[in-house]
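>
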Amino acid sequence: MKLKYIFTILGVMLLGLTSCGKKDSPKTTSNNPFAGTQWECILSSAEEQGEREVTIVEVHFLDETHLVYQHSHKVVKKDGSIKEIREQEKMEATYTYNGLVATSTFTVLDKEAGKQQKAKLILTMDEAKQKLTGVASTEGEEDQTITFTRKK
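For the sequence shown, this note's numbering assigns the number 40 to the initial residue and increments by one for each residue that follows.
#1: Determine the direct distance from the alpha carbon of Glu92 to that of Glu86, and round the result to whole angstroms.
#2: According to DSSP, is Ala85 helix, strand or coil?
#3: Going by C-alpha to C-alpha distance, which of Ile185, Arg189 and Gln155 sits closest to Ala167?
#4: Alpha carbon to alpha carbon, how far is Lys154 from Pro72?
#5: Assign Thr184 to buried or exposed, taking buried as 16 or more other Cβ atoms, counted over all protein chains shown, within 10 Å of its Cβ.
#6: Determine the direct distance from the alpha carbon of Thr144 to that of Gly119, and round the result to whole angstroms.
#7: Decide if Val98 is buried, meaning its Cβ has at least 16 other Cβ atoms within 10 Å, or exposed.
#8: Less than 8 Å between the CB atoms is what I'm expecting for Ile95 and His110, so what's the real figure, rounded?
#9: Could you tell me the boundaries of the beta strand (DSSP E) in which Gln109 lies?
#10: Roughly how many angstroms lie between the CA atoms of Gln77 and Gln88, to the nearest whole one?
#11: Could you please give me the residues that DSSP links to Ala175 through a beta bridge?
#12: Report all residues from its chain with a CB closer than 6 Å to the CB of Ala141; omit the five preceding and five following residues, and keep chain order.
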């Protein structure tokens, strides 16, 4: 009889463990491949005088229609210590998607000119859903292409 109780308890414990999900993204009511995902791109310049500049760009799709775009910039000395960190800029925006392509438009402040400009970000996800290719365009500037990898 004791053996029966032990197996019952073990069965309940196993059932409880297997019911825990391993997905990091929330369940969505649609087939939006972007919702709940996070992406990053790390850009590093060549060393000059023993220092290099590192820029980290992140995109986090909060839900079906909202995303957060942020980037930070730091200067790293030759020994690996951080010389300078610029404030992290963070923008919230809405997006639309069609299949594996998401499009977001938002307003950015041109600090040099002191005026606002419209910017557009088009993000295309690869079939394996592990990379995003982003094309950012701003009025009067050349388009920039950035490749993001999925954050775990």
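Glycine residues also receive a C-beta, built at the ideal position from the N, C-alpha and C atoms.
Here the structure is a predicted model, which means the values were calculated and not measured.
By the coordinates alone:
#1: Rounded to the nearest angstrom, the two C-alpha atoms are 8 Å apart.
#2: Residue state, collapsed to three classes: coil.
#3: If we check each option's Cα against that of Ala167, Arg189 comes out closest.
#4: Taking the straight line from one Cα to the other gives about 35 Å.
#5: Exposed, since its Cβ has fewer than 16 Cβ neighbours within 10 Å.
#6: Their Cα atoms are separated by approximately 37 Å.
#7: Here Val98 is buried. Its C-beta has 16 or more other C-beta atoms within 10 Å.
#8: Indeed they touch by this definition, with Cβ atoms about 6 Å apart.
#9: It spans His105 to Val115 - the beta strand (DSSP E) in which Gln109 sits, taken as one unbroken run.
#10: Cα-Cα distance, rounded: 34 Å.
#11: Looking at the DSSP assignment, Ala175 forms a beta bridge with Leu160 and Gln183.
#12: Once the five neighbours on either side are set aside, the close Cβ partners of Ala141 are Phe73, Tyr134 and Leu162.
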